[in-house]
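Asker: Chains as they are written, first to last, in this note's numbering: chain S, 1 to 284; chain P, 285 to 379; chain C, 380 to 711.
Glycine included, C-beta positions come from ideal geometry on N, C-alpha and C.
None of these values were measured; they are calculated from a predicted model.
Dropping the structure in here first, questions after.
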Amino acid sequence: MPSLPDMTTPDVVALAERAAASQPHDPHLEDVDLRPAFFDWLCRMGDNTLILGHRISEWCGHGPVLEEDIALANTALDLIGHTQMWLGLAAEVEGEGRTADDLAFLRDAMRFRNLQLLELPNRDMAVTLMREFLFDAWHFEMLTALCGSQSPRVAEIAAKALKEVSYHLERSSDLIVRLGDGSEESHRRMQDALDRLWPYLGEMFVEDAVDKAVAEAGIAPRPADLRGAWEQTVNEVLEEATLASPDTRMDVHQGGKQGRHTEHLGYILAEMQFLQRAYPGASW
Amino acid sequence: MSRKEWPLWEIFIRGQHGLNHRHVGSLHAPDAEMAIRNARDVYTRRKEGVSIWVVRSADITASAPSEKGPMFDPAESKVYRHPTFFDIPDEVGHM
Amino acid sequence: MYAQMVKSEGMKSAEEMTPEERAFQNRIDRNEKIEPKEWMPEGYRKTLIRQIGQHAHSEIVGQLPEGNWITRAPTLERKAILLAKVQDEAGHGLYLYSAAETLGVSRDELMEKLHSGAMKYSSIFNYPTLTWADMGAVGWLVDGAAIMNQVPLQRTSYGPYSRAMIRICKEESFHQRQGYAIMMKMAQGTPEQKEMAQDALNRFWYPALMMFGPSDKDSVHSAQSMAWKIKMNTNDELRQKFVDETVPQAEYLGLTVPDETLRWNEERGHYDFAEPDWNEFFEVIKGNGPCNRERLEARRTAWEEGRWFREGLMAYAEKSAARRKAAPHAAE
Numbered sequence: 001m002p003s004l005p006d007m008t009t010p011d012v013v014a015l016a017e018r019a020a021a022s023q024p025h026d027p028h029l030e031d032v033d034l035r036p037a038f039f040d041w042l043c044r045m046g047d048n049t050l051i052l053g054h055r056i057s058e059w060c061g062h063g064p065v066l067e068e069d070i071a072l073a074n075t076a077l078d079l080i081g082h083t084q085m086w087l088g089l090a091a092e093v094e095g096e097g098r099t100a101d102d103l104a105f106l107r108d109a110m111r112f113r114n115l116q117l118l119e120l121p122n123r124d125m126a127v128t129l130m131r132e133f134l135f136d137a138w139h140f141e142m143l144t145a146l147c148g149s150q151s152p153r154v155a156e157i158a159a160k161a162l163k164e165v166s167y168h169l170e171r172s173s174d175l176i177v178r179l180g181d182g183s184e185e186s187h188r189r190m191q192d193a194l195d196r197l198w199p200y201l202g203e204m205f206v207e208d209a210v211d212k213a214v215a216e217a218g219i220a221p222r223p224a225d226l227r228g229a230w231e232q233t234v235n236e237v238l239e240e241a242t243l244a245s246p247d248t249r250m251d252v253h254q255g256g257k258q259g260r261h262t263e264h265l266g267y268i269l270a271e272m273q274f275l276q277r278a279y280p281g282a283s284w
Numbered sequence: 285m286s287r288k289e290w291p292l293w294e295i296f297i298r299g300q301h302g303l304n305h306r307h308v309g310s311l312h313a314p315d316a317e318m319a320i321r322n323a324r325d326v327y328t329r330r331k332e333g334v335s336i337w338v339v340r341s342a343d344i345t346a347s348a349p350s351e352k353g354p355m356f357d358p359a360e361s362k363v364y365r366h367p368t369f370f371d372i373p374d375e376v377g378h379m
Numbered sequence: 380m381y382a383q384m385v386k387s388e389g390m391k392s393a394e395e396m397t398p399e400e401r402a403f404q405n406r407i408d409r410n411e412k413i414e415p416k417e418w419m420p421e422g423y424r425k426t427l428i429r430q431i432g433q434h435a436h437s438e439i440v441g442q443l444p445e446g447n448w449i450t451r452a453p454t455l456e457r458k459a460i461l462l463a464k465v466q467d468e469a470g471h472g473l474y475l476y477s478a479a480e481t482l483g484v485s486r487d488e489l490m491e492k493l494h495s496g497a498m499k500y501s502s503i504f505n506y507p508t509l510t511w512a513d514m515g516a517v518g519w520l521v522d523g524a525a526i527m528n529q530v531p532l533q534r535t536s537y538g539p540y541s542r543a544m545i546r547i548c549k550e551e552s553f554h555q556r557q558g559y560a561i562m563m564k565m566a567q568g569t570p571e572q573k574e575m576a577q578d579a580l581n582r583f584w585y586p587a588l589m590m591f592g593p594s595d596k597d598s599v600h601s602a603q604s605m606a607w608k609i610k611m612n613t614n615d616e617l618r619q620k621f622v623d624e625t626v627p628q629a630e631y632l633g634l635t636v637p638d639e640t641l642r643w644n645e646e647r648g649h650y651d652f653a654e655p656d657w658n659e660f661f662e663v664i665k666g667n668g669p670c671n672r673e674r675l676e677a678r679r680t681a682w683e684e685g686r687w688f689r690e691g692l693m694a695y696a697e698k699s700a701a702r703r704k705a706a707p708h709a710a711e
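Following this line, the structure appears as structure tokens:
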């Protein structure tokens, strides 16, 4: 009888956990010069998971079949958990007494740092899953690299998140293959989804001053360094899924990392932040 | 629709402490691989280190039911495809 | 309850029963569990399908009013808790559909009966959730009322149903508490929060009382179901128990139960309370509740728009099985 394979990625995780344990003190947290970039970069990580988690959670109760409804909720729950860790550390680095909740619920769109890809509407399961897969493939490479971060706090979060994201990627890759190579309609929908999302993907690999600063501090990899492995994963999965990569530009839409978003983010925040905005200072 | 419904699978899970695989419930999935994946999401809520077996409900052969009282086949022609007749002890909640 | 007004067959006296029916009833009287392949009266099977099916439908329709607020939850932690809770409801629906399937009906058939209106779900989910306090009220009152019924159903006579209930009760234990925790925060919060909490209690009190179904004197189906042990307590018993437990909880919150006649009856050892408006209940059951149309539409839309997804995955499974057959050594 087949048994489930070990679902973790033990080596990097063990390494990161050991690194964190051996170095309880993280000097990066006191580096005043690094602070603005480090804070911004942590917001990028946390906003990515917050906004994607929000989108995926919209499916709860509306999924195409019960099993998938439950699986999507698991993914969203993981991402909300990651958000708490990343934004929690961001708030700590900022040192202004804000909390993860303050960052999530009291910043306006121009202060959000997520990729534009992640705020696009779900539309259907094809767009939802294709977007998740394209992000998972990046997220997996990013977290794997971050397990070796010179910031033990970052490495520790990455190690925790990577366990879950490894499973996200496994699951989304599998569904892309199955739906791409499924019925005529599922194939068409998956190809449409890929074509629609393609122009937003380049943003994952574009480097700016923030990325440069955290890379030079040894905290995070350079965005461009993730591209090779990402492409390999994506190409393999798309090929097996009988889907064609568009030969158009991937870097048409970008700016989310710097706070320039699509129209969609404003509506997400209007909904997400409603209670905190309507009742300032209340405790929930 | 009643076109092609995903088949029903019986799910067996071995927890972290090495006890036997134990029947925990059922679910629908298009094939065995997806049944395992769905089982992980539905029945283990993501705890690592478990082992999952899945068996198509239709492939389970069951012993004759209780001998007490006269036995008759149900009037309905539909078979009972889903033998959830393995007692689930209390500790099953946490796998 | 989650299964209200479930039609059951007329009850037979021991003399009217066939020998099989008598033997069956004896087994139930001895607290033996009835298992899927065993002989059972057709009425038992049909009543169970209706009851378990209605219960399952209630779980998945019940995702909707709370699901409303997942994207508006006020903190990351509240968001995670609410999402986990609504996800549990999907899981409970799944377990219950599986139990119903052991009786020879498929899940897709049950879904279609929900969508066509041929099968019902609990009246409570046709009420709207208007403020965040409703997340508290639903957990506290609606899950609280559901638990009253589900705990005894763990001992129901049908094995798969009983086992599903055991699992559900275990997972459900945190639901009511998280609801009450929200109510506590609100009731101790700002004046606006307290107002929302009182308003939520005002709106959900009577609909929660309706969940137990009409009074026993008007409940024609109870006797047979109780003899079969697929209903363990009468509607009025459970309703009284719910009121007795809930009133002190409301007092602790500093909230007022919207019933001027409510008072402790020393003689009975119970609270006296006002009956809900049963006309409203029958109207909601008929489809004239505030949200009937939206709830059913949401379920139908999810099902219709998910069709390509379900069929696409089935198509892949068939293709890959065929490929494996054609090249048995290539695969794996």
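Identify whether C/N322 lies in helix, strand or coil by the three-state DSSP scheme.
Answerer: With chain C covering 380 to 711 only, the question about residue 322 of chain C has no answer from this structure.
Asker: Quick check on this structure: which residue in C/R429, C/Q433, C/A452 has the alpha carbon closest to the alpha carbon of S/E58?
Answerer: Your numbering for residue 58 of chain S matches position 58 in the first sequence. Considering only alpha carbons, the answer is C/A452.
Asker: Between the Cα of S/P221 and the Cα atoms of S/P27, S/I268, S/D124, S/L146, which residue gives the shortest distance?
Answerer: Sequence index remark: in the first sequence, residue 221 of chain S carries index 221 (1-based). S/P221 has its Cα closest to that of S/L146, out of S/P27, S/I268, S/D124, S/L146.
Asker: S/D174 touches chain P at which residues, Cβ-Cβ below 9 Å?
Answerer: Numbered from 1 along the first sequence, position 174 holds the residue referred to as residue 174 of chain S. Residues of chain P passing the Cβ test: E317, M318, R321.
Asker: Just by C-beta distance, which residues in the stretch 48-64 of chain S are closer than 7 Å to chain C?
Answerer: Listed in sequence order: H54, S57, E58, C60, G61, H62, G63, P64.
Asker: I'd like the list of long-range same chain contacts for C/I561, defined as Cβ closer than 6 Å, with 5 residues on each side in sequence excluded.
Answerer: The sequence position of residue 561 of chain C within the third sequence is 182, counting from 1. Excluding sequence neighbours, C/I561 sits near M514, G515.
Asker: Could you give the uninterrupted runs of the alpha helix (DSSP H) lying entirely in the stretch 174-207 of chain S, keeping only those of 4 residues or more?
Answerer: Here the runs fully enclosed are 184-197.
Asker: I need the straight-line Cα distance from C/M396 to C/M390, nearest angstrom please.
Answerer: Taking the third sequence and counting its residues from 1, one reaches residue 396 of chain C at position 17. Taking the third sequence and counting its residues from 1, one reaches residue 390 of chain C at position 11. Going by the C-alpha atoms only, they are around 10 Å apart.
Asker: Tell me the DSSP secondary structure of P/E294 in three-state form.
Answerer: Sequence index remark: in the second sequence, residue 294 of chain P carries index 10 (1-based). Three-state DSSP puts P/E294 in a strand.
Asker: Short of 7 Å in beta carbon distance, which residues of its chain neighbour C/K610, apart from the five on each side in sequence? Order them along the chain.
Answerer: Within the third sequence, residue 610 of chain C is the residue found at index 231, counting from 1. Cβ within range, chain order: S601, S604.
Asker: Assign P/D357 to one of three DSSP states: helix, strand, or coil.
Answerer: Position 73 of the second sequence, counting from 1, holds the residue named residue 357 of chain P. Annotation note: pLDDT 41 at P/D357 (below 50); position unreliable, coordinate value reported separately. Residue state, collapsed to three classes: coil.
Asker: Any beta carbon from chain C within less than 7 Å of P/G309's own beta carbon?
Answerer: Within the second sequence, the letter at position 25 stands for residue 309 of chain P. Chain C, which has a Cβ nearer than 7 Å to the Cβ of P/G309, makes this yes.
Asker: Do C/K620 and C/S536 have their beta-carbon atoms positioned less than 7 Å apart in this structure?
Answerer: Within the third sequence, the letter at position 157 stands for residue 536 of chain C. Within the third sequence, the letter at position 241 stands for residue 620 of chain C. The answer is no: Cβ separation not under 7 Å.
Asker: Kindly list the residues whose CB is nearer than 7 Å to the CB of S/E207, restricted to its own chain and excluding five residues on each side of it in sequence; keep chain order.
Answerer: Taking the first sequence and counting its residues from 1, one reaches residue 207 of chain S at position 207. R222, P223, A224, listed in sequence order.
Asker: Rounded to whole angstroms, how far is the Cβ of C/N671 from the Cβ of C/N505, which I believe are closer than 8 Å?
Answerer: For the purposes of this step, residue 671 of chain C is identified with residue 292 of the third sequence, where counting begins at 1. For the purposes of this step, residue 505 of chain C is identified with residue 126 of the third sequence, where counting begins at 1. Correct: roughly 5 Å between the Cβ atoms.
Asker: Could you tell me if S/A244 is buried or exposed, where buried requires 16 or more neighbouring beta carbons within 10 angstroms of its beta carbon?
Answerer: Walking along the first sequence from the start, residue 244 of chain S turns up at place 244. With fewer than 16 Cβ atoms within 10 Å of its Cβ, S/A244 is classed as exposed.
Asker: Do P/A323 and P/I336 have their CB atoms nearer than 7 Å?
Answerer: Looking up residue 323 of chain P in the second sequence gives position 39. Looking up residue 336 of chain P in the second sequence gives position 52. Taking 7 Å as the Cβ cut-off, P/A323 and P/I336 qualify as a contacting pair.
Asker: Here's the rule I'm using: 16 or more other beta-carbon atoms within 10 Å means buried, otherwise exposed. How should P/I295 be labelled?
Answerer: One-based indexing of the second sequence puts residue 295 of chain P at position 11. The residue in question, P/I295, is buried, as its Cβ has 16 or more Cβ neighbours within 10 Å.
Asker: Thinking just about the alpha-carbon of each residue, which of S/L72, S/A100, S/L66 is nearest to the one in C/R457?
Answerer: Position 78 of the third sequence, counted from the start, is the residue given in the question as residue 457 of chain C. Checked all of S/L72, S/A100, S/L66; the closest Cα to C/R457 is S/A100.
Asker: Looking only at DSSP bridge pairs, what is P/W337 linked to?
Answerer: Counting from 1 along the second sequence, the entry for residue 337 of chain P is found at position 53. P/F296, per the DSSP bridge assignment.
Asker: On the DSSP bridge list, what partners appear for S/I70?
Answerer: As a position in the first sequence, residue 70 of chain S is number 70, starting the count at 1. Partner(s): none; S/I70 has no beta bridge.
Asker: In angstroms with no decimal places, state the Cα-to-Cα distance between C/E684 and S/S186.
Answerer: Position 305 of the third sequence holds residue 684 of chain C. Position 186 of the first sequence holds residue 186 of chain S. Rounded to whole angstroms, C/E684 to S/S186 spans 12 Å at the Cα level.
Asker: Would you verify that the beta carbon of C/Y474 is, or is not, closer than 7 Å to some beta carbon of chain P?
Answerer: To locate residue 474 of chain C, count along the third sequence from 1; it is residue 95. By this cut-off, C/Y474 is an interface position.
Asker: In chain P, which residues lie with their C-beta within 9 Å of the C-beta of S/A91?
Answerer: For the purposes of this step, residue 91 of chain S is taken as residue 91 along the first sequence, with counting starting at 1. Per Cβ cutoff of 9 Å: no residues; S/A91 is ~27 Å from chain P at best.
Asker: Return yes when the Cβ of S/G46 is within less than 7 Å of the Cβ of S/L87, no when it is not.
Answerer: As a first step, residue 87 of chain S is located in the first sequence; it is residue number 87 there, counting from the start. As a first step, residue 46 of chain S is located in the first sequence; it is residue number 46 there, counting from the start. Result yes, Cβ atoms of S/L87 and S/G46 sit closer than 7 Å.
Asker: Determine, using beta carbons only, whether C/K499 and C/H554 come nearer to each other than 7 Å.
Answerer: For the purposes of this step, residue 499 of chain C is taken as the residue at position 120 of the third sequence. For the purposes of this step, residue 554 of chain C is taken as the residue at position 175 of the third sequence. No, the pair does not count as a contact, with Cβ atoms beyond the cut-off.
Asker: Where are the beta strand (DSSP E) runs, 3 residues long or more, that stay fully inside the stretch 626-666 of chain C, in chain order?
Answerer: With a minimum length of 3 residues, the continuous beta strand (DSSP E) runs that stay inside the stretch 626-666 of chain C are 642-644, 649-651.
Asker: Taking just the CA atoms, how far does C/Y540 sit from P/L292?
Answerer: Here the question's residue 292 of chain P lines up with position 8 in the second sequence. Here the question's residue 540 of chain C lines up with position 161 in the third sequence. Going from the Cα of P/L292 to the Cα of C/Y540 covers about 17 Å.
Asker: Give the residues from the stretch 558-572 of chain C that approach chain S closer than 9 Å (Cβ to any Cβ), ordered along the chain.
Answerer: Within the stretch 558-572 of chain C, the qualifying residues are I561, K564, M565, Q567, G568, T569, E571, Q572.
Asker: I need the straight-line Cα distance from S/L103 to S/Q116, nearest angstrom please.
Answerer: As a first step, residue 103 of chain S must be located in the first sequence, where it is residue number 103. As a first step, residue 116 of chain S must be located in the first sequence, where it is residue number 116. The straight-line gap from Cα to Cα measures roughly 18 Å.
Asker: Give every residue of the same chain whose Cβ lies closer than 7 Å to the Cβ of C/A382, excluding the five residues on either side of it in the sequence, and list them in chain order.
Answerer: Counted from its first residue, the third sequence places residue 382 of chain C at position 3. Q430, Q433, H434.
Asker: Determine, for C/P507, whether the minimum Cβ-Cβ distance to residues of chain S falls below 7 Å.
Answerer: In the third sequence, counting from the first residue as 1, residue 507 of chain C sits at position 128. Chain S, which has no Cβ nearer than 7 Å to the Cβ of C/P507, makes this no.
Asker: Could you give the DSSP three-state label for C/Y695: helix, strand or coil?
Answerer: The sequence position of residue 695 of chain C within the third sequence is 316, counting from 1. DSSP places C/Y695 in helix when its eight states are reduced to three.
Asker: Mind pulling the chain C residues with CB within less than 8 Å of P/H240?
Answerer: Since the first and last residues shown for chain P are 285 and 379, residue 240 of chain P lies out of range.
Asker: Given S/M125, which residues of its chain have a CB within under 7 Å of its CB, disregarding the five upstream and five downstream residues?
Answerer: Reading the first sequence from its first residue, position 125 is the one you call residue 125 of chain S. Once the five neighbours on either side are set aside, the close Cβ partners of S/M125 are P64.
Asker: In terms of alpha-carbon separation, which member of S/D26, S/S283, S/L275 lies closest to S/Q150?
Answerer: Within the first sequence, the letter at position 150 stands for residue 150 of chain S. Considering only alpha carbons, the answer is S/D26.
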